[in-house]
Every structure is written in structure tokens, then in C-alpha cells.
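What follows is a short report on a single structure.
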Amino acid sequence: MLNEMHAPAKADAVTVMPVYKRTGNADIRAKGANRVMAEATTKRMAWVTQVAAVRDAKDKAAFAELFAYFAPRVKSFLMKSGASPDLAEECAQEVMVTLWNKAHLFDPTKASVSTWIFTIARNRRIDLLRKQKRPEPEDLPWGPEAEPEQADAMGLQQETEQLGQALAALPAEQRKLIERAYFGELSHSEIAAETGLPLGTIKSRIRLALERLRHTMK
Amino acid sequence: MQMKKIKHHLTDALLMGYAAGTLPEAFNLVVATHISMCDTCRAALAEFEAVGGEVMLDAAPVDMAEDALAAAMARIMDAPRTEQPKAAPAGGVFPAPLRDYVKGDLDRVKWRKIGGGVSQMVLKTEGGASVRLLRIPAGTAVPDHGHRGTELTLVLQGAFVDETDRFGAGDIEVANEDLNHTPVAEQGADCICLAATDAPLRFNGLLPRIAQRFIGI
């Protein structure tokens, strides 16, 4: 499984990214890909800092900023997954309450804030829409670090940003397929049968980053 | 968990389905149990969850109600809660997610004989697929069978060999319509597996097919 992975050399990774849909070509030419990447990573690190402020200081202003950005996206995600607007509103609020309550469990060396909030929203969706239990893997014996390394956290945020940009650069039909899989419109066998899914393309270097991290911790 | 060399991993489709939260509960249990034993698949899952995060970020935002933030703050203040991470149980054969369903480790399994020396315990799940623990005595074969849907077989202890390869502790076999196989438990320890299907198995002999109606595989 590892061998199929697309793993560009670290030094190239920031510069080889294809056209960015999120910012527009003119923007890219003006600013340069490196700068766009740096700004996006800074934004992600700001979310990490806001979650830490909620955890350490019960900081309501930081929570309000996270809420303003993420709650409307969680609501949208849930509506696209089949929830009514009222249920999605209710559920998005609950997801943000869970963020406050579980802030001490978030580890920025293992996930971006966007990834973490997605997993909370997904689990809430399983509870509410499918009324099933969700078995979770057991936690790793080494658990969350007391004070995660800034460089590791930064690396993971950067790689998640690259993944997002790689997704944005996919042809429309492939992107649509991935969205349908995550909105719950494709069953497991449909995913397995779907040859148009660019699983190789969307594989980022996050796995490598996590494995590197695991080795340094052993 | 034991850090044995795992050779057979989850497929991308299963990892994506688990990350998206669209697998039936029975499959989720097998996936969560395998990931508890397999660092490679744990890292791969993180990647598929990151894809989900990015899909969510790109969803066109939908306005929240005007008092949404205030309502969320009120809930936080009403019921302050902090959850602690669940510690992994020390030792034992079953990873934590499986222990939740069995309500204990291997010694708590209530085995029922299903013929041919094989025993099972069906675990209760919702949503269109079924999951069971199987105990196959060392050296014993499970009757030759095919599959209508997908069958996941995760080895927890011992090993089995079939027409495709050898599967040891932590290995998972993902079988579909194309595979007819006769798994045989290796000599040595009994082979304990966690097996899930989203359709009934199809046995290739008359007797097993009759037996199937009584044992509910």
C-alpha cells in the first residue's frame, strides 16, 4: 500500500503544486506559490492556536472565531449528507460544543483542525442520522504529547493544506466522486467499484509525516 | 497490542468508507479492531480523514441561526464536561473496540458450536451487515464457500491459510464475489477470527448449505 503512494521530495513539495483553484491563477502569479502556501499554513496554525486558547484559557473570543468559520461549513456538510436545515443547525452547534469540551484531546501533530472537526461532525452524523454505534480504534499507547513540537505541528498543517490544494486541482468529475463518498452517497462497494476515484492522486504526504513522527517517538 | 508484522491490510475503499462514516456498524467494528493493531492503516486512515476535512472546508458555508453562538455558549456553561482519552487495556488478545462488544477479552466469549469443530459468537450490530467471532481448531478447515457481497476476516490469534495466502494475527482478508476459498487453521493455536459480511456466505456443498439455515452464517 505504501509503495503506491505519491511521495515527492520534501524540498520540491511546496513548489510543484498544480494550479490552485482556491486562489485563482492571477493571484498565484502575483504572489508566488510559496507565499500562497505560507499564508494558508499560517491560517491553519492560527486555528491550532485558537483551539489551544480554548483548552488552556477557556477563551471565548478564540471559540467565537472558530465558530464563525467552521459552524457554517459543518452545517453545510451535514445538509449535503441528508440532514434537514434544522437538524444540521442543531448538530453543528453540538459539534462546536464538543470542540470546546474535547479541546485537550486535539493534537496538531496528528491532525489539522479541519480534519478534527470533520471527524466530530461525522460521528455526530452517524449518531443522529443512522442511529448506530461507532466503534473507534483504541488510542496509541504513547497518547497525546504534553507539549507537541511546533515544527511537527507546522509540517502536518502544511501537508493538509497541500492535500486540500491537490483536491481542488482535480478534474470536476473526480472531485464530485470524492465529495459524494464523503457526503454518504456512495456505499463501500460503490467506492470499491468506482474506477474513476483518484485515490492515488489524493494520497498526500500526511501518511509519511505521521510515520516520520511515529519513528521519532519510538 | 502485539506489534507483529502485518502483511494484509485494509483496502482504500474500506478506509475511505470508514473515514466517511458510511460503512455498516459490523464493518466499522472490524476496521476499528484492525486499525488498533496496525500502525500502517492507522496512518492511512488519518489521511482519508484529512480528505474529509478538506471536503467539509470547501462546502459552501450555510448561515447559522443568529443566536447560534450564544446558544452553544449557553450549552457549554450549562454542562461543563471534559472527556479523558480511553486507555488501551493492558495485554489480552482483543483490542479495545472489540472488548466493548464482547464485554471482555477472549475468556468472556460465549462460544456456540456450529459444526465441523468450528464455534462462533454473533455480536449484535445494526445496519445490514453481520459480524461474528469464529474459533477454528488448529488444523481444521472451514467449508469451501463463496461470497455474494464483501466478507472481511481479521485474524486475532493463530493463523489460517487459504488458496490466496497465509493470514496471521493482525492480517485482514477482504473477499468479494470473485473468491471461493477454503480457509484452514494452521497447526498450533486455535485460530480466532473476527468476520463480517454484508450478505450471506454461499457454501459450495449441499450439507453445509442446509446447516447454514440453522446456524445463520
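Protein sequence lines correspond, in order, to chains A and B.
Counting from 1, one number per residue, gives the positions in the first sequence under this note's numbering.
Counting from 219, one number per residue, gives the positions in the second sequence under this note's numbering.
Each residue gets a CB set at the ideal place from its N, CA and C atoms; glycine is no exception.
Note that the coordinates shown come from a computational prediction; the quantities given were computed from them, not determined experimentally.
Can you list the residues of chain B that residue i reaches, using a CB-CB cut of under 7 Å?
i: A:S76; result: A277, A278, P279 and V280
i: A:W100; result: I294
i: A:F118; result: E267, G270, G271 and M274
i: A:G164; result: E272 and L275
i: A:K71; result: Per the sequence shown, residue 71 of chain A should be read as Ala rather than Lys. The contacting residues are M282 and A286.
List the endpoints of the continuous alpha helix (DSSP H) containing residue i.
i: A:T119; result: V113 to R125
i: A:R35; result: A33 to A57
i: A:S81; result: From DSSP, A:S81 is part of no alpha helix (DSSP H); its letter is neither H nor E.
i: A:M96; result: P85 to N101
i: A:Q157; result: Q150 to A168
i: B:L287; result: A286 to D296
i: B:V273; result: D257 to D276
i: B:G235; result: D230 to A238
i: B:V320; result: A314 to V320
i: A:H188; result: H188 to A193
Provide the residue(s) that pair with residue i in DSSP beta bridges, ordered along the chain.
i: B:E369; result: B:A393 and B:T415
i: B:A359; result: B:V402
i: B:I410; result: B:R353 and B:Q375
i: B:K331; result: B:S337
i: A:R180; result: DSSP, once it has assigned bridges, lists no residue as partnering A:R180.
i: B:R384; result: B:V379
i: B:S467; result: With chain B covering 219 to 435 only, the question about residue 467 of chain B has no answer from this structure.
For residue i, collect the residues of the same chain with a Cβ closer than 7 Å to its Cβ; drop the 5 residues on either side in sequence, then sort them by chain order.
i: B:Y236; result: N246, V249 and L263
i: A:S112; result: R44, L156, Q157 and T160
i: B:M234; result: F266
i: A:A53; result: D59 and A62
i: B:L374; result: V311, F312, A387, I410, C411 and L412
i: A:F106; result: V51 and W116
i: B:D230; result: none
i: B:D389; result: I224, K225, H226 and V373
i: A:E94; result: R124
i: A:P85; result: M79
i: B:R293; result: none
i: A:W100; result: V54 and F63
i: A:A92; result: A71, V74, K75 and L78
i: B:A268; result: none
i: A:M1; result: Reliability of the predicted coordinates at A:M1 is poor, the pLDDT of 37 falling under 50, and no value is obtained from them.
I want to verify the contact list: residues of chain B whose CB lies under 9 Å from the CB of residue i, in sequence order.
i: A:E89; result: V280, M282, A283 and A286
i: A:Q158; result: Chain B residues near A:Q158: none, gap ~12 Å exceeds 9 Å.
i: A:K176; result: Going along chain B, no residue has its Cβ under 9 Å from A:K176, so there is no contact; the nearest lies around 11 Å.
Only counting the same chain, and skipping five residues up and downstream in sequence, which positions put a Cβ closer than 6 Å to that of residue i?
i: B:K223; result: none
i: B:L241; result: G235
i: B:T371; result: E391, C411 and A413
i: A:K21; result: Unreliable positioning characterises A:K21 in this predicted model, as indicated by a pLDDT of 44, which lies under 50. A coordinate reading is not provided.
i: B:D416; result: A347, G367 and T368
i: B:L316; result: T251
i: B:V349; result: A244, L247, L341, T343 and A414
i: A:T41; result: Q157, Q158 and E161
i: B:L352; result: Q338, C411 and A413
i: B:A359; result: T400 and V402
i: B:P355; result: G335 and D408
Within the continuous beta strand (DSSP E) that includes residue i, where are the two ends?
i: B:S337; result: S337 to L341
Name, please, each residue of chain B whose Cβ falls closer than 8 Å to the Cβ of residue i.
i: A:K60; result: M291
i: A:T195; result: Per Cβ cutoff of 8 Å: no residues; A:T195 is ~11 Å from chain B at best.
i: A:K110; result: A264
i: A:T42; result: Residues of chain B passing the Cβ test: none, with the nearest at roughly 16 Å.
i: A:M154; result: Result: empty, since nearest Cβ-Cβ is about 15 Å, beyond 8 Å.
Under a CB-based cut-off of 8 Å, is residue i close to chain D?
i: A:L66; result: The question asks about chain D, but that chain is absent: this structure's protein chains are A and B.
For residue i, which residues in chain A fall below 7 Å Cβ to Cβ?
i: B:V340; result: Per Cβ cutoff of 7 Å: no residues; B:V340 is ~16 Å from chain A at best.
i: B:S254; result: P137 and E138
i: B:R350; result: Those do not exist, as B:R350 stays about 15 Å from chain A at its closest Cβ, beyond 7 Å.
i: B:D389; result: None at all; the shortest Cβ gap to chain A is about 13 Å.
i: B:A314; result: E138
i: B:R260; result: P137
Using a C-beta to C-beta distance shorter than 9 Å, which residues of chain A count as neighbours of residue i?
i: B:L370; result: Within chain A, no residue comes near B:L370; the closest Cβ sits about 10 Å away, beyond 9 Å.
i: B:L413; result: As written in the sequence, residue 413 of chain B is Ala, which differs from the Leu given in the question. Those do not exist, as B:A413 stays about 15 Å from chain A at its closest Cβ, beyond 9 Å.
i: B:A238; result: R122, A181, Y182, F183, G184, L186 and I191
Find the residues of chain A that neighbour residue i, judging by a C-beta separation of less than 8 Å, and give them in chain order.
i: B:T229; result: A192
Excluding sequence positions up to five away, which residues of its chain have a Cβ less than 8 Å from the Cβ of residue i?
i: A:A103; result: V51, A52, V54 and R55
i: B:T382; result: E391, L397 and H399
i: A:G24; result: With a pLDDT of 49 at A:G24, under the threshold of 50, the modelled position of this residue cannot be trusted; read the value that follows with caution. Result list for A:G24: empty, nothing under 8 Å.
Given 8 Å, three or more beta-carbon pairs between the region 276-291 of chain B and the region 67-79 of chain A: yes
Cβ contact (3+ pairs, closer than 8 Å) linking the region 160-178 of chain A and the region 120-127 of chain A: no
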